Structure formats: structure tokens, C-alpha cells
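The sequence shown begins at 1 in full-length UniProt numbering and counts up one residue at a time. What follows is a short report on a single structure.
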Amino acid sequence: MLNSLQSWFARQQFPIDTVKKPWVLATLGAVFSLLIVAILWRGQSHYVPLYGTHQKVSADAVANALATEHIDFRVNPDNGQILVADDVLPRARMVLAGKNIQPMVAPGFELMDKDEILGASQYIQNIRYQRGLEGELARSIMSIQGVEDARVHLGIQAESGFVLSNQPPSSASVVLTLSAGVRLTPAQVRAITQLVAGSVPGLLATNVHVVDQTGALLDGTVDDQSVSDDLLQAVARPVTRNLTQLLDSAVGHNNYRVTVMPALDLRKSEETDEVLQGDPRVLEEQINSDDTVLARPPGSPGR
């Protein structure tokens with residue numbers, strides 16, 4: 001290349017001393033190299049995913065449709081996504097739409113927008129609402145980085161009109177498909193459990209279980225200290241509030257400091273049950289008796 005540059009400078013009638021300077025030749029060589037790289041880079045197509053990670057579609061059907069239309073594509077070895085050149089992305093999607101190949105996502109609350117079925121019971125409506133809620137939660141969880149797919153199963157307990165009930169509490173299970181090499185942190189798993197628990201009235205975060213595609217229980221890896229901290233705060237909060245109200249009236253605001261540190265034994269639990277057995281007892285009874293005695297007429301019978 002240096003010989004070519006020297007010849008070009010000689011033809012341009014530049015001073016030979018200037019041409020032979022090393023820094024001039026090095027600068028021109030770098031400029032020509034950048035031009036060649038830019039030309040080669042512009043000649044290459046940039047491949048992008050055909051659909052998003054959360055949009056499920058049949059890879060075989062997509063590959064056959066693109067091959068039929070002579071559209072070049074690649075397969076991402078990490079997650080199996082179909083990649084096409086960015087300049088043919090709109091055309092590729094139009095081709096797939098014309099062949100009725102559409103990505104599938106979990107249905108959400110749009111299920112509630114469907115036409116009502118004549119004679120549909122309240123049970124059917126509740127099932128439709130639960131499916132919609134599961135889909136919405138799955139979409140929210142899939143927005144977390146590293147989560148490719150999610151399914152949520154809710155076991156919502158029906159409300160009971162009785163104060164005391166032996167029905168089990170509501171629960172939920174979350175199945176995650178994580179990206180290759182991704183491992184959720186305990187804080188992320190706890191955020192998922194709190195997200196699901198906060199979306200279902202009466203559902204406790206301790207009753208939400210999270211597993212991945214390998215069957216590993218993720219919520220079991222959450223530090224038990226975080227659970228105990230929540231319990232400590234739940235116990236200390238009302239005590240702190242009561243002490244604050246008491247001291248405000250006694251010594252004035254900001255003239256004291258309250259610190260409550262409950263001592264909890266998480267290895268023990270206490271339950272109170274009331275079981276009614278046998279015949280029901282009569283709490284109140286009232287008996288009314290009305291006897292009427294007719295007086296006999298005077299005189300002997302027959303007279």
C-alpha cells in the first residue's frame with residue numbers, strides 16, 4: 001500500500017520529501033482503511049428479530065414461509081429467534097400475515113370484552129376474569145429483563161359469608177422461562193411474588209411459588225431474613241403508632257424517639273379454631289299454653 005501511495009503522490013506532483021514522511025503515509029493508510037471498512041459495513045445487512053421474545057410463533061411455519069418467498073433469514077443460536085434483514089422486516093411480516101402466521105401472546109383482560117354468552121353463569125364470568133388476570137400478570141412478569149416467557153396459575157378462594165371458615169387460603173404458582181445463562185436474584189424473585197400477591201386480594205406473598213423451566217423452586221432461594229423483616233415490621237408498626245400517639249400528648253411532638261424491636265420465634269405458630277359439634281343447642285325457648293275449663297251447669301244430670 002505504501003508503494004501505491006507514493007506513486008499516487010508522484011503523479012500528483014507533490015514534493016517527494018512530503019510524500020516520504022512516515023506520518024503522512026500512516027495517516028493516508030488509516031484513512032483508506034476506514035473507507036474500506038465503511039464500504040464493507042454498509043454492504044452487509046443488519047439482522048433483527050422477526051418478532052419479540054415474548055411473542056410465540058411456530059419456527060417451522062415461519063421458516064417455510066420465508067423460504068417460499070425467497071427471503072433470507074437466520075436463526076439465533078441462543079434463543080432460537082428468527083432473524084431477518086432490517087430492510088426486509090416489514091415485507092417479511094406482511095408475508096407471514098398473509099399466510100395467517102401470527103405470534104401468540106397470553107390473553108389478558110381483553111377476554112372480558114368478548115360478547116356475553118346467553119345464559120352464562122356467574123361461575124363462567126369468574127373463570128374468564130381469572131384467566132384475564134393470569135394473562136395480565138404473565139405479561140407484566142415477562143417485562144422483567146431475562147424472562148422470556150411466564151405462566152401464572154391462580155388458586156383464588158371464593159369469599160365466604162362465615163366468619164370462621166376451614167377453606168384453604170388463596171395461592172398462586174408462576175412458571176418462568178429464563179433466557180440462556182440468566183439467573184434471577186432473590187430480590188427479583190421476591191419482586192415477582194409481591195407483584196402477584198398485590199394483584200389478588202387476600203393473597204399472601206408466602207403463598208406464591210415461582211419455578212423455572214428446569215423445575216427449580218426459585219422462591220425457596222429467597223433469604224428468610226427478608227420474610228422475617230416483613231413480619232417484624234407488621235408487628236412493630238401498630239405498636240409504634242400507639243406509642244407515638246401516647247407520647248405526643250404527654251411530652252410533645254419531636255421530643256422523644258420510639259424504637260420497637262419485637263422478638264419473634266418463627267419456629268412456632270399458634271392457631272385458634274372453634275369447632276361446633278353435636279346437636280345445636282337451644283339458646284332461647286318460649287312455650288305458651290292456654291287451657292280453657294268450662295263450668296258445669298248446676299243441678300243433677302237429667303233434670
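Glycine included, C-beta positions come from ideal geometry on N, C-alpha and C. Please read all numbers here as calculations on a predicted model, not as lab measurements.
query                                                                                                                                                                       : result
Nearest to Asp60 by CA position, among Gln125, Gln102, Arg241 and Leu137, is which residue?                                                                                 : Gln102
With distances taken Cα to Cα, identify the nearest neighbour of Gly215 among Ala197, Ala205, Asp248 and Val174.                                                            : Val174
Look at the alpha carbon of Thr185 and the alpha carbon of Thr177, and state the distance between them as a whole number of angstroms.                                      : 15 angstroms
Relative to the C-alpha of Ala152, which residue among Tyr51, Ala197, Pro168 and Ala158 is closest?                                                                         : Position check: residue 152 holds Val in this sequence, whereas Ala was assumed. Comparing Cα-Cα distances from Val152 to each of Tyr51, Ala197, Pro168 and Ala158, the minimum goes to Ala197.
Would you identify the three-state DSSP class for Ile192, choosing helix, strand or coil?                                                                                   : helix
Does Gly146 get closer than 8 angstroms to chain D when you measure Cβ to Cβ?                                                                                               : Here there is only one protein chain, and chain D is not present.
Would you say the beta carbon of Gln102 comes nearer than 7 angstroms to a heavy atom of the ligand ATP?                                                                    : No copy of the ligand ATP appears in this structure; indeed no ligand is present at all.
DSSP three-state call for Gly43: helix, strand or coil?                                                                                                                     : Confidence is the limiting factor: at Gly43 the pLDDT is only 49, short of 50, which leaves the residue's position unreliable, though a coordinate-based value still follows. DSSP places Gly43 in helix when its eight states are reduced to three.
By Cβ distance below 8 angstroms, which residues in the same chain neighbour His46 in space, the five residues on each side in sequence not counted?                        : Ala85 and Asp86
Please list, in chain order, all residues of the same chain as Leu231 whose beta carbon is under 7 angstroms from its beta carbon, the five residues on each side excluded. : Leu264
Can you tell me where the alpha helix (DSSP H) with Ala180 in it begins and where it stops?                                                                                 : Unbroken run through Ala180: none, as it is neither H nor E.
Taking only three categories from DSSP, how would you classify Ile36?                                                                                                       : helix
Assuming Val258 and Thr240 form a contact by the criterion Cβ under 8 angstroms, report the distance between their Cβ atoms to the nearest whole angstrom.                  : 6 angstroms
From Gly135 to Thr206, what distance separates their C-alpha atoms?                                                                                                         : 21 angstroms
Would you kindly work out how many angstroms separate the C-alpha atoms of Gly43 and Ala65, rounded to a whole number?                                                      : A caution first: Gly43 carries a pLDDT of 49, below 50, which makes its placement in the model too unreliable to give a value.
Would you call Leu246 buried or exposed, if buried means 16 or more other Cβ atoms sit within 10 Å of its Cβ?                                                               : exposed
What are the partner residues of His153, as DSSP defines its beta bridges?                                                                                                  : Ser173
Would you mind giving the Cβ-Cβ distance between Ser140 and Leu195, rounded to the nearest angstrom? I have them listed as a contact below 8 angstroms.                     : 6 angstroms
Count the other CB atoms, across all protein chains shown, that sit within 10 Å of the CB of Ile192; report buried if there are 16 or more and exposed otherwise.           : buried
May I ask which residues mark the beginning and end of the alpha helix (DSSP H) holding Val200?                                                                             : Where Val200 is concerned, there is no enclosing alpha helix (DSSP H), given that its DSSP letter is neither H nor E.
Name the residue from Val62, Gly252, Val147 and His70 whose alpha carbon lies nearest to the alpha carbon of Arg183.                                                        : Val147
What span of residues does the beta strand (DSSP E) with Arg74 cover, start to end?                                                                                         : Phe73 to Val75
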